[in-house]
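Shown next, in structure tokens, is the structure this report addresses.
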Amino acid sequence: PGETFIDRMINLVEGAARQKTPNEIALNILLASLTIVFLLAVVTLKPFAIYAGADDQTSLIVLAALLVCLIPTTIGALLSAIGIAG
Numbered sequence: 266p267g268e269t270f271i272d273r274m275i276n277l278v279e280g281a282a283r284q285k286t287p288n289e290i291a292l293n294i295l296l297a298s299l300t301i302v303f304l305l306a307v308v309t310l311k312p313f314a315i316y317a318g319a320d321d322q323t324s325l326i327v328l329a330a331l332l333v334c335l336i337p338t339t340i341g342a343l344l345s346a347i348g349i350a351g
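In structure tokens:
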């Protein structure tokens, strides 16, 4: 066991270390920055709700649910670009 062609190919691929391409680095930076923007947007909703008098409708659970719903849209919007980048 472990000496077949497939096993050797799997070991070769698992042991391969490669550097990230410039496109991968750019996409990682873009995803991180958009995630930070969404995080800041959700965090600022609570003070705006307090100022507007709608504090009872914006609990932390609602804000966390909004953030959980927003974050995948960042990745979903970039799926085609990620597919092109490899």
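Offset between the sequence shown (1-based) and this note's numbering: plus 265. All residues carry an ideal CB built from backbone N, CA and C; glycine is no exception. All figures in this text were calculated on a predicted structure; none of them were measured in a lab.
Classification of residue i by the beta-carbon crowding that lies within 10 angstroms, buried from 16 upward
{"i": "V307", "result": "buried"}
Integer-rounded CB distance, given that residue j should sit under 8 angstroms from residue i
{"i": "I340", "j": "L296", "result": "7 angstroms"}
{"i": "L343", "j": "L305", "result": "No, L343 and L305 are not in contact; Cβ-Cβ is about 19 angstroms, not under 8 angstroms."}
Residue interval of the alpha helix (DSSP H) (run including residue i)
{"i": "D272", "result": "F270 to G280"}
{"i": "L305", "result": "P287 to A317"}
{"i": "T338", "result": "L325 to A342"}
CB of residue i within 8 angstroms of CB of residue j, strictly
{"i": "L332", "j": "F303", "result": "yes"}
{"i": "T300", "j": "I336", "result": "yes"}
Check whether the stretch 277-285 and the stretch 308-327 are in contact - that is, three or more C-beta pairs closer than 8 angstroms. no
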